[in-house]
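K.L.:
If you scroll down you'll find the structure; I have some questions about it.
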Amino acid sequence: MKKDEMNEQIAQIDKAMRLGNEGLSDDQKAYFCDQRPERIDPYHGILERFANWARAESLWILGFGTGCGAIELRPLMTSRYDMYRYGIQPRPTPRQAGVFVIGGYASVKTMKRIVRSYEQMQGPKFVLGLGSCTINGGMYWDSYNTINRLDHYIPVDIYIAGCMPRPEALLAGFNRLKEMIKAGQCDGMNSYAENFDWYKKNQKQIIKHWNMPDYNW
Amino acid sequence: MMKDIAIKAGYTLISLFVITNYGLLLGGTMARVRAKVQGRIGQPVWQPYIDIIKNNVLRTGISHGVMFYLGPVFRLAGGLGTYLFIPAVYGSLVFANFAFSGDLLLVMYFIFFGQLGMALGAGQSGHPYSPIGVARGLAQMSAFEVPFALSVIAIAAQYQTLSVTEFVALQQGGILNWIVFTNPLATIAAMISFLGMSMGNPFSIVIAPQEIPIGPPTEMQSSFLGMLQTNRAIFNGAKLVLFMNLYFGGATSVLSMVVKTFLIYLYTVIVGASFPRFRADQSIRFFLGIPTLIGIAAVVVQMI
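Sequence order for the protein chains is B and X.
The numbering used here numbers the first residue of the first sequence as 1 and each following residue consecutively.
The numbering used here numbers the first residue of the second sequence as 1 and each following residue consecutively.
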């Protein structure tokens, strides 16, 4: 095969791997990245265990209350529950947050923001589904504008059932999440990258007016 | 010659290592003090270490260009520069750092330098809250520099020097030689401006999480943020050491440095825990009001 042909084939494959960003106008496309998320292998052995320990002991929650369950997050900061003693603290921007707490039902309108925020978080990132609504829709299971199963749209590491689960349950959930992170069981970031097409298909099925890039860097 | 340079480099590294760890532990301790004020238990004292490790071992990091990389570097350079030109412990070879005559002006410049570097980095991130935070930070900084500069002019006129080491030397020989007693007006002006410099409440208008989450470092993540957190520890330590040297007689041992800087920091934390946040305009008006008048009074007293 000639060198030119080979280069052309590589360029075609590269183009096919790029994201279409069809929701954006031509002007906007220049501002956004069209690269897919890639799997990033963890470190090995003691290094990864140490990294996981640090990740588990420093959980920064994204301060984005997506539904009514977010009301249970506030008491965690108060003196009665005091989540800071477990190394958990809120963070106002997705770039710096590591844990995304989906507070109850996720309406289609919020789902768009959930996807954007989740993709902007830096990996490894963890998702905690709070309340029954994130598991099967809960009392909104036949609602016209909420999703039923959260893990069809973003990878979820742990669920806390209940409507509402109390702050104690939330703390117990956080501590279970910490154990799972330390055991190296939470790899939602790589699972999202590997099943990116499936997640995107599901997201686009419910978010009709898709006016954002396919992957938000 | 080479041996001297190697020894000085070794001493500098030891000095930096000590101030970094001290700054981090101080940050952790003060978070616990704040928690106690609020009736909580609070985070572990070593939490800042875990946060920095976590941020540095994140698997991904997004850059927005060359200046985005350089922003935290400038910030760190500002922190290191501030610390390295202040003698941390008077009479100690290891903690003398690179103090020389006239270094006070350089140190005051370095306090500004990091903020300006961060402005460039934050500007390139493209997030609208970053320039708002930077604008607030620079405006407030210009405001609190006025009483601080007046205070420095007053004590420089009083002691006829601009060298931090000489200030410490002139304050030796008893608690009544400290500038806090020989020139209380200058000390009051400077300690009020120190509240603004440490950016705690009520002057936390730069990183105001409920208004402009979270100001300049909105887009900073992973190791960029780790670097900023490390710098915060060093910069905090440097500022505390500077104020201890200028107004509270300096320190002749590491232990007295730790005690004095701890108490100075505790003062800012207690003020922060007691007052809510100012708005940006209120903060600037505040510094240009009574603290500036106290500063002018301190200068006038020296002129008479």
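Note that beta-carbon positions come from the ideal geometry of N, C-alpha and C, so glycine has one too.
1. Under the three-state reduction of DSSP, which class applies to B/Asn99: helix, strand or coil?
2. What's the gap between the Cα of X/Gly61 and the Cα of B/Pro94?
3. Just to confirm, are X/Ile234 and X/Gly39 a CB contact at a threshold of 8 Å?
4. Out of curiosity, what's the CA-to-CA distance linking X/Gly272 and B/Tyr43?
5. For B/Asn7 and B/Asp14, I'd like the C-alpha separation in whole angstroms.
6. Taking Cβ positions, are X/Leu176 and X/Val301 nearer each other than 8 Å?
7. With DSSP as the reference, please indicate the residues paired to B/Ser107 in a beta bridge.
8. Going by the beta-carbon positions, is the gap between B/Ile154 and B/Tyr199 smaller than 8 Å?
9. Which whole-angstrom value is the C-beta distance of B/Cys133 and B/Gly67, which I expect to be below 8 Å?
10. For the candidate residues X/Asn245, X/Gln124, X/Ala208, whose alpha-carbon lies nearest to that of X/Val107?
11. When the Cα atoms are used, what is the spatial distance from X/Pro72 to X/Gly123?
12. My output table needs one value for X/Ile207: the three-state DSSP class, helix, strand or coil.
13. Return the residues of the segment 83-98 of chain B that lie within a Cβ-Cβ distance of less than 7 Å from chain D, sorted by chain order.
14. In chain order, what residues of the same chain lie with their CB nearer than 6 Å to the CB of X/Ala119, ignoring the 5 residues before and after it?
15. Nearest to X/Pro147 by alpha carbon, out of X/Ile179, X/Val168, X/Thr187?
16. Have a look at X/Pro213 and B/Pro92 and give me their C-alpha separation to the nearest angstrom.
17. Can you tell me where the beta strand (DSSP E) holding B/Ile71 begins and where it ends?
18. Would you call the segment 161-174 of chain B and the segment 123-137 of chain B touching, i.e. three or more CB-CB distances under 8 Å?
19. Establish whether the CB of B/Glu57 and some CB of chain X are separated by less than 8 Å.
20. Scan the segment 110-130 of chain B for residues whose Cβ lies nearer than 8 Å to a Cβ of chain X and list them as they occur along the chain.
21. Would you list the residues sitting across from B/Gly87 in a DSSP beta bridge?
22. Strictly by DSSP, which residues pair up with B/Trp60?
23. My guess is that X/Asn21 and X/Ser223 are in contact by the Cβ rule of under 8 Å, so how many angstroms apart are they, rounded?
24. Grouping DSSP H, G and I as helix and E and B as strand, with all else coil, what is B/Val127?
25. If you measure from the CB of X/Pro291, is any heavy atom of the ligand SAM nearer than 7 Å?
26. Apart from the five residues just before and just after B/Asp26, which ones in its own chain have a Cβ nearer than 7 Å to its Cβ?
27. Using a Cβ-Cβ distance cut-off of 8 Å, determine whether B/Ala16 contacts chain X.
28. Taking 8 Å as the threshold, find out whether the segment 197-207 of chain X comes into contact with the segment 137-152 of chain X through three or more Cβ pairs.
29. Taking only three categories from DSSP, how would you classify X/Ile214?
30. To the nearest angstrom, how far is the alpha carbon of B/Ala252 from that of X/Leu170?
P.N.:
To lay it out plainly:
1. One detail in the question is off: residue 99 of chain B reads as Val in this sequence, not Asn. Looking at B/Val99 - three-state DSSP - the assignment turns out to be strand.
2. Taking the CA atoms as reference points, X/Gly61 sits about 12 Å from B/Pro94.
3. no
4. Computed Cα separation, rounded: 41 Å.
5. Whole-angstrom Cα-Cα distance: 10 Å.
6. no
7. B/Thr146
8. Their beta carbons are under 8 Å apart, which means B/Ile154 touches B/Tyr199 by this criterion.
9. 7 Å
10. Nearest C-alpha to X/Val107: X/Asn245.
11. If you draw a straight line from the Cα of X/Pro72 to the Cα of X/Gly123, it is about 12 Å long.
12. coil
13. Of the chains in the structure shown, none is chain D; the protein chains are B and X.
14. The answer, listed in chain order, is Val134.
15. Ranked by Cα distance from X/Pro147, the first of X/Ile179, X/Val168, X/Thr187 is X/Thr187.
16. About 5 Å.
17. Taken as a continuous stretch (DSSP letters only), B/Ile71 belongs to no beta strand (DSSP E), as it is neither H nor E.
18. yes
19. yes
20. Gln122, Gly123, Pro124
21. B/Gly87 pairs with nothing; no bridge assigned.
22. B/Gln89
23. With 8 Å as the limit, X/Asn21 and X/Ser223 do not qualify as a contact, their Cβ atoms being about 19 Å apart.
24. strand
25. With respect to the ligand SAM, the structure shown offers nothing to examine, as it has no ligands at all.
26. none
27. no
28. The answer is yes - the segment 137-152 of chain X touches the segment 197-207 of chain X, with three or more Cβ pairs under 8 Å.
29. coil
30. Here chain B comprises residues numbered 1 to 217, so residue 252 of chain B is not present and cannot be evaluated.
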